[in-house]
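Chemist:
Numbering (my numbering), first residue to last: 15 to 141.
#1: Which parts of the stretch 49-100 are runs of the alpha helix (DSSP H), unbroken and 4 residues or longer, counting only runs that do not cross its ends?
#2: Spatial neighbours of residue 86 within its chain, please: CB distance less than 8 Å, with the 5 preceding and 5 following residues excluded, ordered by chain position.
#3: I need the DSSP call for residue 110, collapsed to helix, strand or coil.
#4: List the residues that DSSP assigns as beta-bridge partners of residue 139.
#5: Give the single residue among 55, 56 and 78 whose Cα lies nearest to the Cα of residue 65.
#6: Evaluate residue 84 with the Cβ neighbour count: other Cβ atoms within 10 Å of its Cβ, from every protein chain shown; 16 or more gives buried, anything less gives exposed.
#7: Under a CB-based cut-off of 8 Å, is residue 130 close to chain C?
#8: Hey, out of 63, 121, 125 and 104, whose CA is closest to residue 90's CA?
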């Protein structure tokens, strides 16, 4: 009976301590994500509509673009990996949604992403 109680105590300690590591890991992941998000927002540059249309934006530049989602290759709800068209000013831009949060056709958004001729939308914030 004594060995069983010792085993039970050890098992409880293992469960308790393994739970602590998970929350610390989650906190570290959240902190890393917040730092990356902040850095991307700082690095992202706003380009004029003329610069974007005349391909004066360097490839792999981090850009910021605001507009309204008008179409998607998926349904009304846009998921990670879907493409959509963003209307900004009088021009349309193709965006690849790289974030996990869902967005929808009709949403006013700010896109922070990397320019490839199209935009890889890393952070997309609803307004």
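Using N, Cα and C, we set each Cβ at its ideal position, and we do this for glycine too.
Modeler: According to the data block:
#1: 63-67
#2: 92, 96, 97, 98, 99 and 119
#3: strand
#4: 124
#5: 78
#6: exposed
#7: This model lacks chain C altogether, as it is built from one protein chain only.
#8: 121
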